[in-house]
DNA sequence: CTGGGGATCATCT
DNA sequence: GATGATCCCCAGA
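Residue numbers (my numbering): 2 to 201.
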C-alpha cells in the first residue's frame, strides 16, 4: 500500500484560475540541475482581461507560450538585463500565468552562491530575476514543459498560512490583490512601489 | 533596516 | 523611440 507521490501531481491543479492556482504553488519545489527552491512568493496574472499582463493586447511572438497549455514556462527579458519566469496556468487560450517571485534554497546552496557571489544571504532568491539567476533559468528555457524538464515543479507541503496583497510594480492596473506569499519568510520581497523614472 | 537612482536592451507601436 | 511584472550599490540611521 505504498503511497506513490506523483511528481506531476501538481500539474492538473494548474488548470484552474490564476488567482486560485497561485497560492497552491507556495511551498512547491522548483528544480533545475542540482538546485531546488521552495517557492515563497508568487503573483497571478490573468490574460486578456488583465492590463497588468503581457498578454493583455493579444498574442505576440514573445507571449505565444502563454496562450498554450498550462504547465509550461514563460520567460521574458526585463530591464535590459534580467530574466523572469512564469508558470503558464489556466485553460489553453486564456494566457493566464503565475510569476515566480521568490524562494528558499533547499538544495544546491553552493551552486546558488557561486551564481550570486555578491548577494547577501537574505537577497539570494528574493525577487523574480534573482530567482532565475539562482536556478540558472535563461530565455532558452521559455516554453519548457515543467513535467518533462529540465526545469521541473513538484508539490510541497501545503502552506499553513498565505497572505495576499497588491502586485508589485504595475502601473494602471486595477487593484487585484494577486500577490501571494508565506508570511515570515526572509526571502519575501519588501513591497516597494515602482520608482518613477527621471524625466530627461 | 530603509530609500534613491542608474544600468541596459528585447519588445511593441 | 519609449517603455518596463528589476537589481545592485550606496548612504544614512
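No residue lacks a Cβ here, since even glycine has one placed at the ideal position from N, Cα and C.
Query	Result
Please give me, in chain order, every unbroken run of the alpha helix (DSSP H) with length at least 4 that falls completely inside the segment 37-123.	110-116
Could you tell me which of 80, 50 and 158 sits nearest to residue 170, measuring between CA atoms?	80
Per DSSP, what are the beta-bridge partners of residue 146 in this structure?	73
Decide if the segment 30-41 is in contact with the segment 151-160; the criterion is three or more beta carbon pairs, one per stretch, under 8 Å apart.	yes
With the cut-off set at 8 Å, would you say residue 77 and residue 110 are in Cβ contact?	no
Going by DSSP, which residues form a beta bridge with residue 164?	182
Along the alpha helix (DSSP H) that carries residue 22, what are the first and last residues, could you check?	19-26
By DSSP, does residue 194 sit in helix, in strand, or in coil?	Model confidence at residue 194 stands at a pLDDT of 41, short of 50, so the residue's coordinates are unreliable; what they give is reported in the following sentence. In this structure, residue 194 counts as coil in the three-state DSSP scheme.
Is it true that the CB of residue 189 sits closer than 8 Å to the CB of residue 42?	yes
Measuring only the C-alpha atoms, how far is residue 98 from residue 72?	10 Å
Quick check on residue 32: does DSSP put it in helix, strand or coil?	strand
If you follow the beta strand (DSSP E) that residue 154 is in, where does it begin and where does it stop?	152-155
Roughly how many angstroms separate the alpha carbons of residue 58 and residue 49, rounded to a whole number?	7 Å
Keeping to the same chain, check which residues put their C-beta closer than 7 Å to that of residue 14; ignore five residues upstream and five downstream.	22 and 25
Does residue 127 come out as helix, strand or coil in the three-state DSSP assignment?	strand
If you reduce the DSSP assignment to three classes, tell me which class residue 176 lands in.	coil
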